[in-house]
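In this note's numbering, the protein residues as written are 17 to 782.
If you want it as C-alpha cells, here you go:
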C-alpha cells in the first residue's frame, strides 16, 4: 500500500488496519502504578474475536519475561479479553500487556498489535480501616448527629453542586431528630453539608444547613437524593422524603425539592422548615412540596433523580410510595415519575399524570411494596433515552411448579421514552404487570426475580454506575445477604431476566413471572457478592462510589449494617469494591481488602449499624478524586449521645497525602509550588510523572514508610526512589519524587533529570 503511513509498524498501511480488531481500552490503563495484586488484566477490542485464537501466547501478560499464571478468557460478545491470574500478581513488579497478531477476528481479520504497561503495589488489596480513624489518621471526615436518638446517617446522598461553587455537596437524613426545641418528636431533619477541603479531616467542622420536618413523627430525612436540575435553571437541586407525614391522611407521606442556588451556603447558619419551601420566602429557600394521596401511602419512602425519561432535555424525578393501595391491593405500591421542568409550589401527587406532567407506575400485587427502591439508569449506547429501575422487594414470583416464593422480590428495569411508556389505555398510569409481559400492551424492559424465599431482592439498587468500564451503565441490586451486579449491555437491548432467573413471556408457554425461565447468569455477565466468612449479615445496601481509586473505572460500596466485625454485634461494615473489566462470578465480601481489590470499613462499636446507608460518586473535598460515604445511624456521637448517628466521608487520599501543584514555565525551568494539609507527617514521599504535571494536579504518596528529601527518580520502576539518601540523589528516568515535612508550603526548581533542586521554606529537608 504505497503512500500509506504505518504508524503501528505492522507492515500494513493504516487504512488497511481499519477492519482489524484494535484495542480501544486497556485495564489497568497504560502507565498505571500501585495496581492491586488481585487485579485482573483486560483489553476491549473493536470487533469480536475468535476465542479459539486467544491464549497466553497471543494475549501475553508478563513481568521480566515471566508470564502471569492463568489462561485468558473472552467475553460473551467477543470484545473483551481478560486474564484473572491464578493467585496474585507479583508485588512491586513492572508488567507488560501484549496483544499479538495471533488473535483473529470472527471475520478473519488479524488483530492490530498492542502493548501497554503497568506497575503493581507493594502489598495486596487496600485492607481494613476502622471508622474511628476516618478524618484522624486516614482521609475523609466524620459528621456527627446533634441530638439524642437523631439517627443521623440513616440516609446519605451526594446531591451534586447545589451551591454552584464547583464542589459536590452531600445530604444526610436524621429521620428521628426532635425539632421545635424538642416539641416535635421524631419530626426528622435533613442536613445539607457543603463540600469543601475541610472534609479531608476532622480538624474543622464543615459548613452545613438543616431542613426540618413538618410535624411530630413525620420522619423527614428518611430518604435523600440529588434531583438533577428539575427547575431547569442551570443549578442542581436535591430532594428529601418524609414518608410518615400526614397531608393526605395518616402516613400518606411527602417529599420536598430544594432548588439549588448560589446563596444556599450564605444561609448555612439558619434552619428551614420544609413546609416553607413552596412559598419561596427567599431565593435561597425555595422549592417544591409533593404531598401524598392517601393514608398509608408512605410517599417519599424513596426518592431519586430520574434522568431524562421523556427525552425532552430536562431532568425528571422519581418518588416512591410503597404502601399505596392499587385496585384494592393494599401495599402493592406506586412510583410517581414527575417530568421536569417543575416550578416552585405545592403539588398533590394525585395530579401526576394529569395536570402535573408525568406517569404513575402501579404495583402488581398486594404487599409487593413497589417503590421501596428507585433509581436512574442512564442510557449512553442504546436509544439514548434514560431508563429507570423500580424495586418491589416483597413480591413473590412463582417457582417452576406455580407455587409462590414468598418475598423473593422483583426489580423492574424499564426502558424510557414516551413511545415505550404508552399510557393511552389508562392515561397517566403504567401497570408494572405490563413490563416484559410478551403481550400486545408490553412495556419493554427486564424484570429481575429473586429465587429464594425472603431474599428481598430490590431492597436497594442503582443503575448509575459502570463498574466494568465498558461505557454502558450497569445494574446493582441488593437483598438479604446478596448483591447482584448485571452488566448493562445485555438488559439494555433484551427483555426479561433476574439475578438468577428471568421472566417468561406469556406467549412462551411458561408461567408468568416464574423462575422456570433462563437465568441472568446464562444471558448476561453477572457478578454475585455474598458475605462469605462474615456470616449472616442480613440486609445489604448498595450504591455507586464513583472512581475512588483513580483507575478510570467506577467503584461501588456495599453496606452490611448487621455485620459483626471483630465480634462487635451489629457494629456494621461497609465494603468498597473496586471496579474491573472482568468483574463477574462470585465474590466473597469477607475477601474485600484481603484478596479482592477494595477497602473495608468496620464500625467502631456494637450496635452502630455502619453501612445502613451508603453513597458517593463525587469529589466532596476538592482533592480531585471521588469520595464515598456510609452512615452509622445508631453510633453514639461526641459526648456519647446515644444513637445520635454518624456519617463517614471516605476519601482515598489522606490529609497528609494531598499536594496541590502550581506549574509555571516550560521544560526544565519549571517552578513547583506546593501546599500540604495540617496533618502532614515528617517525610512523606510524593510521586508525580513529569510528563503529566499540570496546574492544580493532585498526586498521592507511594508509601508512608518511604523516607527521602528533594526530588528523586525511579529508574528501575520498583515504585521506590533510587536512593533514600537526600544528599546523594541518583540520576535516572521515570518518576520524580517530592517530599514534604510538617511545613505547609515550599517551592523548588525542577532542574535536569535527577538533579538536586534548590529548596526553600522547608525545615525538614536540606
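Note that CB positions come from ideal geometry on N, CA and C, so glycine has one too.
- Our two residues, residue 74 and residue 117, have alpha carbons roughly 7 Å apart in a direct line.
- By the Cβ neighbour-count rule, residue 645 is buried, with 16 or more other Cβ atoms within 10 Å of its own.
- The DSSP-derived three-state label of residue 596 is coil.
- Boundaries of the beta strand (DSSP E) around residue 305: 303–307.
- DSSP lists 342 as the bridge partner or partners of residue 345.
- Rounded to the nearest whole angstrom, the C-alpha separation of residue 161 and residue 456 is 52 Å.
- Three or more Cβ pairs closer than 8 Å define a contact, and the stretch 536–546 falls short of that threshold against the stretch 427–435.
- Judged by DSSP in its simplified three-state form, residue 581 adopts helix.
- Separation of the CB atoms of residue 287 and residue 324 is rounded to 33 Å, and the pair is thereby denied contact status at 8 Å.
- Closest in alpha carbon position to residue 414, among 191, 531 and 347, is 531.
- In the DSSP assignment, residue 173 falls within the beta strand (DSSP E) that extends over 171–176.
- Per DSSP, the unbroken alpha helix (DSSP H) holding residue 539 starts and ends at 536–539.
- With a cutoff of 8 Å on beta-carbon distance, residue 133 and residue 46 are scored as near each other.
- Taking C-beta atoms as the reference points, residue 466 and residue 424 count as a pair closer than 8 Å.
- Per DSSP, the continuous beta strand (DSSP E) segment holding residue 393 begins and ends at 389–393.
- With 16 or more other Cβ atoms from the protein chains shown falling within 10 Å of its own Cβ, residue 496 counts as buried.
- Cα atoms of residue 267 and residue 305: separation of roughly 16 Å, rounded to the nearest angstrom.
- Linking residue 486 to residue 562 through their CA atoms gives a straight-line distance of about 15 Å.
- Counting C-beta atoms within 10 angstroms of its own C-beta, residue 346 has fewer than 16 neighbours from the protein chains shown and is therefore classed as exposed.
- The Cβ-Cβ distance between residue 228 and residue 195 falls below 8 Å.
- Distance from the CA of residue 368 to the CA of residue 581, rounded to the nearest whole angstrom, comes to 46 Å.
- DSSP places residue 611 in the coil class of the three-state scheme, outside both helix and strand.
- Cβ neighbours of residue 158 within its own chain (closer than 7 Å, five residues either side excluded): 150, 151, 218, 662 and 664.
- Note on geometry: alpha-carbon atoms of residue 388 and residue 420 lie some 20 Å from one another.
- Counting only the Cα atoms, residue 597 lies some 21 Å from residue 120.
- Put simply, the stretch 434–449 touches the stretch 373–393. At least three CB pairs are less than 8 Å apart.
- Residues of the same chain with a CB within less than 7 Å of the CB of residue 248, apart from the 5 flanking positions on each side, are 330, 356 and 357 in chain order.
- Under DSSP, residue 616 shares a beta bridge with 144 and 591.
- Nearest Cα to residue 442 within the set 239, 315 and 370: 370.
- Non-local beta-carbon contacts of residue 650 in its own chain, meaning distances under 6 Å to residues more than five positions away in sequence, involve 623, 624, 625 and 659 in chain order.
- The DSSP-derived three-state label of residue 187 is strand.
- About 20 Å separates the beta carbon of residue 614 from that of residue 578, a gap too long to meet the 8 Å contact definition.
- Proximity to residue 260 across 382, 66, 165 and 236 peaks at 236, based on C-alpha coordinates.
- In the structure shown, the three-state DSSP call for residue 667 is coil.
- Between residue 410 and the set 432, 365 and 494, the nearest pair of CA atoms involves 494.
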